[in-house]
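Q: If you read the sequences in order, they're chains A and B.
Residue numbers for the first sequence follow the numbering used here, so the first one is 933 and each next one is one higher.
Residue numbers for the second sequence follow the numbering used here, so the first one is 37 and each next one is one higher.
For glycine and all other residues, C-beta sits at the position ideal for the given N, C-alpha and C.
None of the values given here were measured: they were computed from a predicted structure.
Could you have a look at this structure, given as structure tokens, before my questions?
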Amino acid sequence: MNEHQQTLLEFMRQQSDKLLVQTLQHIGLTFISLFIAVLIGLPLGIYISRVRKLSGPVLGIAGILQTIPSIALLGFMIPLLGIGAKPAIVALLLYALLPIVRNTYTGITGVDSNVKEAAIAMGMNKWQVLFKVELPLAMPVILAGIRTATVINVGVATLASYIAAGGLGEFIFGGISLNNTNMILAGAIPAAMLAILFDFLLSLLQKLNFKKIKGAVKMAPVLLLILSCFYFIPSAYGSKLTAGFTPEFMGRQDGNLGLVSKYGLKIHTIVISDAVMYKAAKEKELDVISGYSTDGRLKAYDLIVLDDDKKIFPPYYAAPLVREDALKKFPQLETTLNKLSGLINDSVMTELNYRTDYLHQTPERVAKDFLQATGLYKPQQQSNGEVVRLGSKIFGEQYILTNMYSMLIKGYTNYGVETKTGLGGTKIVFDAMTNNQIDVYPEYTGTGLLAILQAPQNVINRLQSSKDSTYAYVKAAFDDRYKIKWLKPIGFNNAYALMMRRQQANELHIKTISDLNRFLKY
Amino acid sequence: MIKVSNLIKTFGQTHAVNNISFEVAKGETLALLGTSGCGKTTTLKMLNRLIEPDSGTIEVDGQNILSQAPELLRRSIGYVLQNNGLFPHYTVAENIAIVPNLLKWDKAKIEARTNELLEKLHLPKEYQNTYPPELSGGQQQRVGLARALVADAPVLLMDEPFGALDNVTRSKIHAEFKLLDELKRKTIILVTHDVQEAFLLADRIALMDKGQIVQIGTATELLFNPANDFVKDFLKEQHLQLELKTIKLNDIWQYLPADGRRINTSQLAATAGLWEALDTFKFYPRENINIINQQTREVRSVTFDQLMSAYSCFKNQVPHE
Chain A
933 MNEHQQTLLE
943 FMRQQSDKLL
953 VQTLQHIGLT
963 FISLFIAVLI
973 GLPLGIYISR
983 VRKLSGPVLG
993 IAGILQTIPS
1003 IALLGFMIPL
1013 LGIGAKPAIV
1023 ALLLYALLPI
1033 VRNTYTGITG
1043 VDSNVKEAAI
1053 AMGMNKWQVL
1063 FKVELPLAMP
1073 VILAGIRTAT
1083 VINVGVATLA
1093 SYIAAGGLGE
1103 FIFGGISLNN
1113 TNMILAGAIP
1123 AAMLAILFDF
1133 LLSLLQKLNF
1143 KKIKGAVKMA
1153 PVLLLILSCF
1163 YFIPSAYGSK
1173 LTAGFTPEFM
1183 GRQDGNLGLV
1193 SKYGLKIHTI
1203 VISDAVMYKA
1213 AKEKELDVIS
1223 GYSTDGRLKA
1233 YDLIVLDDDK
1243 KIFPPYYAAP
1253 LVREDALKKF
1263 PQLETTLNKL
1273 SGLINDSVMT
1283 ELNYRTDYLH
1293 QTPERVAKDF
1303 LQATGLYKPQ
1313 QQSNGEVVRL
1323 GSKIFGEQYI
1333 LTNMYSMLIK
1343 GYTNYGVETK
1353 TGLGGTKIVF
1363 DAMTNNQIDV
1373 YPEYTGTGLL
1383 AILQAPQNVI
1393 NRLQSSKDST
1403 YAYVKAAFDD
1413 RYKIKWLKPI
1423 GFNNAYALMM
1433 RRQQANELHI
1443 KTISDLNRFL
1453 KY
Chain B
37 MIKVSNLIKT
47 FGQTHAVNNI
57 SFEVAKGETL
67 ALLGTSGCGK
77 TTTLKMLNRL
87 IEPDSGTIEV
97 DGQNILSQAP
107 ELLRRSIGYV
117 LQNNGLFPHY
127 TVAENIAIVP
137 NLLKWDKAKI
147 EARTNELLEK
157 LHLPKEYQNT
167 YPPELSGGQQ
177 QRVGLARALV
187 ADAPVLLMDE
197 PFGALDNVTR
207 SKIHAEFKLL
217 DELKRKTIIL
227 VTHDVQEAFL
237 LADRIALMDK
247 GQIVQIGTAT
257 ELLFNPANDF
267 VKDFLKEQHL
277 QLELKTIKLN
287 DIWQYLPADG
297 RRINTSQLAA
307 TAGLWEALDT
317 FKFYPRENIN
327 IINQQTREVR
337 SVTFDQLMSA
347 YSCFKNQVPH
357 E
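Written as structure tokens, this is what we have:
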């Protein structure tokens, strides 16, 4: 998308605001969770060193918590605690718990029994023994545990961005979605440096002699609190509404970058994975989200799409892609596939997706019901042995379309049908087509333009997000380059869209993105 | 001062301490002597309630020790451990000041007392601010002793206090220990497996085996009136040396010839042991040594042979079983 290859330094300089905010959030997340983990882990470690028979179960449970994959743990947190900081902090603190509890336990049980006996024999009570003897002597081991926990937390905190808790993971996962190495590095390098820095500082603390540690350990809670506060500084940037965008959307010209440059939209934004985004909008944790215009959850959660009145989102009109040699081989194929053309608009597609995604009906049933309702359905004819190979990408909407095409071909022609559904992403399914593994699959104009053709920026600008000129461009280019034909568009546009809850949008009289922008400004 | 009656302690199936009773007078030093596992340390630890007995009573100064909170009791009983148990994260001065701090002494008093003890125990003042791991074993043990003495508790419990030291250092500390005025007014119970140490430091010795006291008495009583074969066997190996150390010149005074040839040399007090007198011959090979009886101011001059024959007469005179 860029005119020239941007260097990492340029990227970091350009995004320095965000980088600072994310770094502060990252430090904050790490230390809030660490602080709470110390508050819980230290007393727990002391307790199990007193009641030894509990040490096995407690350390076992903490060990099991540690083996739960980070993403899964974050996933478990969402139903319990929603999205944002809370679940992220809880997940991080669970990870930090084991090293702190274990080292506290090991440290205290490792104190020389002679010294402990001397302390008791001098007439110290159990609290004096704990605070004057056991804890100071166990401190190097406990600090080693806290050090391990800190490094783990810096690493795991990158995943917090999945559930909208911010941190350097925003760049890392945004970069991965966008295949933008600079963005990945802009997140990964500071995260690694934080880990190295904190590890180094804590190793210094560990090496101090007993005398100095006394002071340092008293300083530690204060320092932890200060570092924890970093997390709250960024949230001071506020606005009336909160937006939740996917990492991919954040970095795309036809995403947030376009919103900022073309609309001048300034909205308090958190980054979140699309798996939880819709739900969060429904739960009123987010007000504006970046969704796909035909997603079934749009209907399920009563969201509406804001009109893109400045046309920054390129059209993603769906149409069947067919190999040209297949069209020659199967003369009836083109007319059969085109029967669906113009029949499915955005809201119909949303409804169909709703039935599969949300009501969990099978794509076959949804496809058949639709064809029967529109009078297109015909029972299967006798096959003449020739087989049309249909492909689809790995999501519900494509399954429905492929099923419809399969039924149409069987009903209107005497060709047989073989379906190869669930072909990973665009690259896999398109490679399958160019390598003559499939004959037909549904594709979107925007994907063809940006992902397959990788059209230069000046072409994209020239097309000006017009539905017809984009279609014409990809049709000509595919014919020319791949000998693959775009048939007539089906009718719906599965593009990026900004969405709001219907009720809130109505109350605020927001219908378009410009409305939203006006509302935010005044 | 200390009265122990019918003390019993079992760990699982083993009777660690099986019905023990004894008394220790004020200012007396009692050694609990025996092999490992005989119950001597368990007995000692019950005195300051590090271990609670199953049954039996312990009185200190006429008061049952259960009548006081264990922390308060322990602050009034000094305790010296085998491996000194010094706090490695405290300086020497801080280690010594542990009990005074618990007793909430003011700073000046603690400092004065610490300095006093360091001096008495021959520890240079500069050591105050060093940490125990930097000291030698002997120095650490002295700091441990200072820590136990600092609050001037009337009772001192010592659990193998010199067990971890090499022989040379141990004899040096033994000698100092005997001279330390701080210890002279204290009631001391000393646990040891070292017969020599028990004989040297204790006024009375309780020889223990399998959780019971086999014989309790003075060194002379144990040596010359052993209660049974166990006592005899226990002392057998070092019997001669123990006898020579235990027997004082006063004891054999009557067998020393009064007409020995007088030479002009220093005089040895009759309160000294026979061992010491024989030692003098070793280092200063001469014919006679002069021994003075401090009560009568009488001086007798004897040869090595005369000393040995007096010892032999004394032994024949002591009734044997």
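Checking contacts by CB at 7 angstroms: is Val983(A) closer than that to chain B?
A: Position 51 of the first sequence, counting from 1, holds the residue named residue 983(A). No, because no Cβ of chain B sits closer than 7 angstroms to the Cβ of Val983(A).
Q: Contact criterion: CB-CB distance below 7 angstroms. Does Asn1035(A) meet it with respect to chain B?
A: Working through the first sequence from its first residue, we reach residue 1035(A) at position 103. Closer than 7 angstroms: no.
Q: Within a Cβ cutoff of 7 angstroms, which residues of the same chain sit near Phe1362(A), ignoring the five residues on either side of it in sequence?
A: For this step, residue 1362(A) is matched to residue 430 along the first sequence. Excluding residues within five positions, the ones whose Cβ falls inside 7 angstroms are Ile1384.
Q: Using three-state DSSP, classify Val1349(A) as helix, strand or coil.
A: Here residue 1349(A) is taken as the residue at index 417 of the first sequence, counted from 1. Strand at Val1349(A).
Q: Suppose the cutoff is 6 angstroms on Cβ atoms and the five residues either side in sequence are ignored; what does the same chain contact list for Leu157(B) look like?
A: For the purposes of this step, residue 157(B) is taken as residue 121 along the second sequence, with counting starting at 1. Same-chain partners within the cutoff: Arg178, Ala182.
Q: Quick one: grab the DSSP three-state call for Thr71(B).
A: Taking the second sequence and counting its residues from 1, the one referred to as residue 71(B) is at position 35. Residue state, collapsed to three classes: coil.
Q: Would you decide whether Lys1453(A) is buried or exposed? Buried here means 16 or more other CB atoms lie within 10 Å of its CB.
A: Walking along the first sequence from the start, residue 1453(A) turns up at place 521. Burial call: exposed.
Q: Using a Cβ-Cβ distance cut-off of 7 angstroms, determine whether Val1047(A) contacts chain B.
A: Residue mapping note: residue 1047(A) aligns to position 115 of the first sequence, counting from 1. Yes, contact with chain B.
Q: Between Leu1136(A) and Ile1078(A), which are expected to be in contact by the criterion C-beta below 8 angstroms, what is the C-beta distance as a whole number of angstroms?
A: Residue numbering aside, residue 1136(A) sits at position 204 when the first sequence is read from its first letter. Residue numbering aside, residue 1078(A) sits at position 146 when the first sequence is read from its first letter. About 13 angstroms separates the two Cβ atoms, so there is no contact after all.
Q: Does any CB atom of chain B fall closer than 7 angstroms to the CB of Met1054(A)?
A: Taking the first sequence and counting its residues from 1, the one referred to as residue 1054(A) is at position 122. True, the Cβ-Cβ gap to chain B drops below 7 angstroms.
Q: By how many angstroms is the C-alpha of Thr1267(A) removed from the C-alpha of Gln1312(A)?
A: The residue labelled residue 1312(A) in the question sits at position 380 within the first sequence. The residue labelled residue 1267(A) in the question sits at position 335 within the first sequence. Their backbone Cα atoms lie some 17 angstroms apart in a straight line.
Q: For Tyr1428(A), name the three-state secondary structure that DSSP assigns.
A: For the purposes of this step, residue 1428(A) is identified with residue 496 of the first sequence, where counting begins at 1. The answer is strand: DSSP assigns Tyr1428(A) an E or B state.
Q: What does DSSP give as the partner residues of Met194(B) in its beta bridges?
A: Residue 194(B) sits at position 158 when you count from the first residue of the second sequence. In DSSP, Met194(B) forms a bridge with Val116(B), Leu226(B).
Q: Please work out which residues of its chain come closer than 6 angstroms, Cβ to Cβ, to Gly1354(A), disregarding the five sequence neighbours upstream and downstream, and give them in chain order.
A: Translated into the one-based positions of the first sequence, residue 1354(A) becomes position 422. Once the five neighbours on either side are set aside, the close Cβ partners of Gly1354(A) are Ile1326.
Q: Cutting at 7 angstroms between CB atoms, please list the residues of its own chain near Thr46(B), excluding the five before and the five after it.
A: By 1-based counting over the second sequence, the position of residue 46(B) is 10. Counting only Cβ-Cβ distances below 7 angstroms, and skipping sequence neighbours, we find Ala52, Asp90.
Q: Does Glu107(B) come within less than 7 angstroms of chain A when only Cβ atoms are used?
A: As a position in the second sequence, residue 107(B) is number 71, starting the count at 1. At least one chain A Cβ lies under 7 angstroms of Glu107(B).
Q: If I measure Cβ to Cβ from Gln175(B) and keep anything under 6 angstroms in the same chain, skipping five residues before and after, which residues do I get?
A: Taking the first residue of the second sequence as 1, we reach residue 175(B) at position 139. Counting only Cβ-Cβ distances below 6 angstroms, and skipping sequence neighbours, we find nothing.
Q: Answer with buried or exposed for His275(B), where buried requires no fewer than 16 other C-beta atoms within 10 angstroms of its C-beta.
A: As a position in the second sequence, residue 275(B) is number 239, starting the count at 1. Per the 10 Å Cβ criterion, exposed.
Q: Starting from Ala1212(A) and walking both ways along the alpha helix (DSSP H), at which residues does that stretch end?
A: Translated into the one-based positions of the first sequence, residue 1212(A) becomes position 280. Residues 1206-1214.
Q: Round the Cβ separation of Leu1272(A) and Met1336(A) to the nearest angstrom and send it over; I've been treating them as touching at under 8 angstroms.
A: On the first sequence, residue 1272(A) is found 340 positions in, with the first residue counted as 1. On the first sequence, residue 1336(A) is found 404 positions in, with the first residue counted as 1. Correct: roughly 6 angstroms between the Cβ atoms.
Q: Using a Cβ-Cβ cutoff of 7 angstroms, what residues of the region 1055-1077 of chain A are near chain B? List them in chain order.
A: Answer set for the region 1055-1077 of chain A: Gly1055, Met1056, Asn1057, Val1065, Pro1068, Leu1069.
Q: Would you call the CB atoms of Asn1035(A) and Ile996(A) closer than 7 angstroms?
A: Working through the first sequence from its first residue, we reach residue 1035(A) at position 103. Working through the first sequence from its first residue, we reach residue 996(A) at position 64. Taking 7 angstroms as the Cβ cut-off, Asn1035(A) and Ile996(A) do not qualify as a contacting pair.
Q: What does DSSP give as the partner residues of Leu1222(A) in its beta bridges?
A: Your numbering for residue 1222(A) matches position 290 in the first sequence. The amino acid occupying residue 1222(A) in the given sequence is Ser; Leu does not appear at that position. Beta-bridge pairing links Ser1222(A) to Leu1430(A).
Q: Short check: CB of Met244(B) to CB of Leu117(B), under 7 angstroms?
A: As a first step, residue 244(B) is located in the second sequence; it is residue number 208 there, counting from the start. As a first step, residue 117(B) is located in the second sequence; it is residue number 81 there, counting from the start. No, Cβ-Cβ distance for Met244(B) and Leu117(B) is not below 7 angstroms.
Q: In the DSSP assignment, the beta strand (DSSP E) including Gly92(B) goes from what residue to what residue?
A: Taking the second sequence and counting its residues from 1, the one referred to as residue 92(B) is at position 56. Element bounds for Gly92(B): 91-96.
Q: Given the structure, does Thr1402(A) come close to the ligand GDP, in the sense that its CB is under 6 angstroms from one of the ligand's heavy atoms?
A: The model depicted lacks the ligand GDP and carries no ligand whatsoever.
Q: Going by other Cβ atoms of all chains shown within 10 Å of its Cβ, with 16 needed for buried, is Phe1245(A) buried or exposed?
A: One-based indexing of the first sequence puts residue 1245(A) at position 313. The residue in question, Phe1245(A), is buried, as its Cβ has 16 or more Cβ neighbours within 10 Å.
Q: Name, please, each residue of chain A whose Cβ falls closer than 7 angstroms to the Cβ of Ile283(B).
A: Numbered from its first residue, the second sequence carries residue 283(B) at position 247. Neighbours of Ile283(B) on chain A: none; closest Cβ ~37 angstroms, over 7 angstroms.
Q: Quick one: is Ala1050(A) near chain B, going by C-beta distance under 7 angstroms?
A: Position 118 of the first sequence, counting from 1, holds the residue named residue 1050(A). By this cut-off, Ala1050(A) is an interface position.
Q: Could you pull out every residue in the same chain whose Cβ sits closer than 7 angstroms to the Cβ of Arg240(B), ignoring the five residues on either side in sequence?
A: Counted from its first residue, the second sequence places residue 240(B) at position 204. Same-chain partners within the cutoff: Glu64, Leu66, Ile252, Gly253, Thr254.
Q: Where does the unbroken beta strand (DSSP E) through Val1320(A) begin, and where does it stop?
A: Residue 1320(A) sits at position 388 when you count from the first residue of the first sequence. Per DSSP, Val1320(A) belongs to the beta strand (DSSP E) from 1319-1323.
Q: In angstroms with no decimal places, state the Cα-to-Cα distance between Gln887(A) and Asp1234(A).
A: No answer is possible for residue 887(A): it lies beyond the span of chain A, which begins at 933 and ends at 1454.
Q: Quick check: what's the CA-CA separation for Asp265(B) versus Leu122(B)?
A: Here residue 265(B) corresponds to residue number 229 of the second sequence, with the count starting at 1. Here residue 122(B) corresponds to residue number 86 of the second sequence, with the count starting at 1. Approximately 40 angstroms between the Cα atoms of the pair.
Q: Since Ala184(B) contacts Phe58(B) with CB under 8 angstroms, what's their CB separation in whole angstroms?
A: Here residue 184(B) refers to the residue found at position 148 of the second sequence. Here residue 58(B) refers to the residue found at position 22 of the second sequence. So it is not a contact: roughly 21 angstroms between Cβ atoms.
Q: Could you tell me whether the region 1391-1400 of chain A touches the region 1340-1355 of chain A, where touching means 3 or more Cβ pairs closer than 8 angstroms?
A: They do not touch, by the three-pair rule.
Q: Considering only the beta carbon of each residue, do Ser965(A) and Asn1085(A) sit closer than 7 angstroms?
A: Indexing the first sequence from 1 puts residue 965(A) at position 33. Indexing the first sequence from 1 puts residue 1085(A) at position 153. Yes; because the gap between Cβ atoms is below 7 angstroms, this pair is in contact.
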